[in-house]
Amino acid sequence: MDWKTPLRNLQADFIERLKVNQLLHCKRAGNHSELTVISGDKLEELYRICTNLVERYKWAPQEQVFVNKLKSMLSEEVVRERLSDFVTPIVDDEKRELQIDFTVTSDPSVGIKVEAIQGNIDTGRWWISKEEAEKNAVIVCVWIKEEIKENKKKYDVVLAGFIPTTMSNGMNEAMSFGIDELLYGGGLKGYLESVSRKNPDYTNMAKEGFEKGDYETAIANYDEALKLNPNEAKIFLRRGIARYYQGDHQGAIKDYTEAIAINFKDPYAYYNRGMAKSEIGDQLGAIADYTKAIEINAKDAYTYYGRGKVLAEIGDDQGAIADYTEAINLNPHDAYAYYQRGKVRSQMGDKRGAIADYSEAVNIHPTEKKQEESKPLSLKKFQFETLTVNSRGQQTQRRFCDGEFFEEKLNEGVILEMVAIRGGTFLMGSPDTEAERTDKESPQHQVNVPSFFMGKYPVTQKQWRSVATLPQVNFPLKESPSEFKGDNLPVESISWYEAVEFCARLSQKTGSTYRLPSEAEWEYACRAATNLNPFYFGKTITTQLVNYDGKYIYGSAPKGKYRGQTTPVAKFPPNAFGLHDLHGNVWEWCADHWHNNYFNAPTDGSVWLADLAANESQFRVRRGGSWYNNPANCRSACRNACESSESYYYIGFRVVRNPNG
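Going by the UniProt record's numbering, the sequence shown opens with residue 1, and the numbers climb by one from there.
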């Protein structure tokens with residue numbers, strides 16, 4: 001008997017339930033949400049089971065809740081209760097009893113994955129990694145509501161929604177969903193209808209066309225996607241971006257307007273419409289859109305920069321300078337903002353101020369023009385979503401970003417994605433006020449880092465195998481050195497010398513120079529140039545964002561999971577450069593020798609080598625923390641030493657390459 005067939009049949013029935021509205025509905029009441037059942041007696045019964053499930057946990061002493069197994073097991077138990085008819089023993093030919101795996105299975109038509117979040121249901125996001133989407137058919141999203149009374153915590157659990165993971169086919173990044181996106185309607189309803197009609201994945205086809213620069217094909221596929229999902233704001237937004245790049249600014253404005261009509265709180269839509277309006281000479285309309293975007297999100301430097309340019313065009317020099325100044329305050333390493341402010345100051349007769357701004361722009365990007373003129377690579381564009389959290393680990397902001405990358409083919413079906421990191425000046429190290437810092441991170445000092453390319457993820461085991469089989473340069477390499485096995489898991493249990501050998505073999509194969517990053521390059525990339533917080537997510541991290549030992553906390557964040565091993569790359573959201581896993585998962589080797597502090601450290605972003613006679617020369621720098629460490633070790637400024645010849649199951653690496661090879 002094929003035991004997978006009856007499980008697939010159960011999944012088919014599960015999808016059919018979704019199609020007939022057997023879901024919960026989110027009803028808005030001001031700034032809050034209320035979950036109610038819209039139809040289905042059985043679902044109402046299951047809803048009661050779900051909400052009653054945690055009665056035995058209510059008002060339990062805090063140390064008995066979430067500190068033990070509740071946080072990791074509660075959501076699984078909820079789904080077993082609510083979907084009990086899907087957890088039926090199946091017997092295969094070898095008479096082994098099997099059940100659905102609620103975490104990950106090898107067959108994408110069988111798996112069900114549970115994602116639980118805690119906090120405000122209006123702002124919370126359920127994140128799905130590429131690995132989870134590939135190995136599961138459905139993501140069940142659970143919301144855990146917390147209430148504190150008399151120093152005890154009470155927990156209610158609600159089923160927020162379901163996501164068929166094939167909605168995410170072909171995605172390169174983690175995807176996130178809010179409560180509105182989980183409702184049976186819009187994109188989810190259209191997707192389910194498209195499944196029944198076996199329609200192509202038009203959204204993914206459009207994304208592929210956009211990344212190749214084929215905007216006409218991208219727009220045509222977005223047209224088809226909108227026929228299936230006519231109320232999906234993101235599709236209108238992305239089609240608008242494709243039209244903008246194609247030069248159809250009026251068409252872009254029309255799409256952005258449709259996106260705003262569906263989601264009037266999306267600052268990214270106003271920002272893009274403002275850019276398009278400025279292109280057609282509608283400066284006042286552009287200013288209005290930029291202003292609206294700032295009202296929604298006052299922390300985006302690009303929006304101030306855009307409005308500043310338009311204000312300068314209409315002769316409002318003081319307004320332009322104010323906006324450029326705010327853009328610089330938010331992003332002190334934005335050479336373009338300094339340059340534009342310098343132009344306005346020059347026109348106003350402020351020659352001294354103009355010279356100061358031009359000088360700062362040149363200091364940040366001294367060779368940028370030369371590098372752009374000699375750029376030898378065909379870069380692809382990609383879009384991604386990043387987020388910010390407060391000191392309690394609660395999400396406060398999310399935004400879309402754009403990046404560029406190129407693909408280095410390692411083997412058939414195996415590529416290395418290298419993200420373009422634009423150079424700039426940043427403050428390296430940690431301030432005396434940063435919690436759990438050490439003197440090894442002192443003194444803080446300014447470093448000017450030239451542009452470079454960096455791997456989007458730590459090197460994976462699949463990538464490692466492709467290079468380890470190439471001809472030896474200096475040292476032999478094991479094809480499978482890692483303790484935790486998996487193609488998309490980061491390679492670990494390798495020494496610094498083995499990481500350098502990987503770079504040497506890759507360089508020999510490609511004709512370009514691949515290497516380990518300098519310590520300054522690594523921290524600059526981790527901070528995404530300008531982030532002065534302990535983490536690129538903000539003042540703290542949670543185990544929903546990073547793989548570390550969740551038994552420990554940083555700041556006021558809650559305790560979380562201890563996974564006890566590495567996790568697949570791209571499971572967690574990226575930073576503002578589009579890079580994943582710089583916090584946690586595995587420590588990453590850097591090229592530098594170890595030094596106990598930053599006195600006399602180079603300020604040009606180069607590798608800091610020690611006197612070979614010094615005792616410390618056998619030690620190299622590792623950065624980023626790991627699954628094995630507490631969150632303080634995952635800070636952007638945290639640095640550690642390790643003997644070059646040592647290998648551990650929590651140390652990996654990623655590679656960099658110079659712009660001109």
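All residues carry an ideal CB built from backbone N, CA and C; glycine is no exception.
None of these values were measured; they are calculated from a predicted model.
- DSSP, reduced to helix, strand and coil, places H580 outside both helices and strands of the structure shown, so it counts as coil.
- The beta-bridge partner set that DSSP reports for N640 consists of R622.
- In this structure, A591 and S518 form a Cβ contact; the two beta carbons are roughly 6 Å apart against a cut-off of 8 Å.
- Taking a contact as a CB-CB distance under 8 Å, the pair S442 and G429 counts as one, their CB atoms being some 6 Å apart.
- The three-state reading of DSSP puts G511 in coil, since its state is none of H, G, I, E or B.
- The three-state reading of DSSP puts E434 in coil, since its state is none of H, G, I, E or B.
- Of all C-beta pairs linking the region 241-249 to the region 262-278, three or more are shorter than 8 Å, placing the two stretches in contact.
- By the criterion of a C-beta distance shorter than 6 Å, R345 is surrounded in its chain by G353, A354, once the five residues flanking it on both sides are discounted.
- Counting along the chain, K409 sits inside the beta strand (DSSP E) bounded by residues 395-411.
- N633 has its alpha-carbon roughly 27 Å from the corresponding atom of Y514.
- With the rule of 3 Cβ pairs closer than 8 Å, the region 287-304 counts as touching the region 328-345.
- Taking C-beta separations shorter than 6 Å and ignoring five residues to either side along the sequence, the partners of Y338 in its chain run D357, E360, A361, following chain order.
- Looking at the backbone, the Cα of V569 and that of P490 are separated by about 7 Å.
- By the Cβ neighbour-count rule, I117 is buried, with 16 or more other Cβ atoms within 10 Å of its own.
- With 16 or more neighbouring CB atoms inside 10 Å of its own CB, Q544 falls in the buried class.
- Three or more Cβ pairs closer than 8 Å define a contact, and the region 301-311 meets that threshold against the region 260-272.
- Runs of the alpha helix (DSSP H) lying entirely within the region 233-312 and spanning at least 4 residues, in chain order: 233-246, 249-262, 267-279, 283-296.
- Residue pairing by DSSP puts R657 in a beta bridge opposite F453, Y514.
- One Cα belongs to W496, the other to G625, and the distance between them is close to 16 Å.
- The C-alpha of F577 is placed about 5 Å away from the C-alpha of A528.
- W127 sits in a strand when the DSSP states are folded into three classes.
- Our two residues, D201 and E404, have alpha carbons roughly 24 Å apart in a direct line.
- Between L582 and the set F535, K559, P230, Q318, the nearest pair of CA atoms involves F535.
- Of all alpha-carbon atoms in D350, V656, G285, the one lying nearest the alpha-carbon of E588 is that of V656.
- In this structure, Q618 is the residue among D282, Q618, D604 with its C-alpha nearest to the C-alpha of A610.
- If you draw a 10 Å sphere on the C-beta of K265, you find fewer than 16 other C-beta atoms in it, and that means exposed.
- Annotation note: the region 502-572 contains the following uninterrupted alpha helix (DSSP H) runs of length 4 or greater, listed N- to C-terminal: 519-527.
- Non-local C-beta neighbours of A225 in its own chain, meaning closer than 7 Å and more than five positions away in sequence, comprise Y202, T203, A206, I235, ordered along the chain.
- Under the rule that a run must span 3 or more residues, no beta strand (DSSP E) segment is found entirely inside the UniProt repeat "TPR" (199-232).
- Counting along the chain, the unbroken alpha helix (DSSP H) around Q463 starts and ends at 461-468.
- Taking C-beta separations shorter than 8 Å and ignoring five residues to either side along the sequence, the partners of A259 in its chain run A233, K234, F236, L237, G240, D266, A269, following chain order.
- Non-local C-beta neighbours of E313 in its own chain, meaning closer than 7 Å and more than five positions away in sequence, comprise Q283, ordered along the chain.
- Sequence-distant Cβ neighbours of S647 in its own chain, meaning closer than 6 Å and more than five residues away, are S493, I494, S495.
- Distance from the CA atom of K292 to the CA atom of F177, rounded to whole angstroms, is 24 Å.
- Nearest to Q472 by alpha-carbon distance, out of A504, N488, E483, is A504.
- Each residue's CA atom was taken as its position, placing K351 and Y245 some 36 Å apart.
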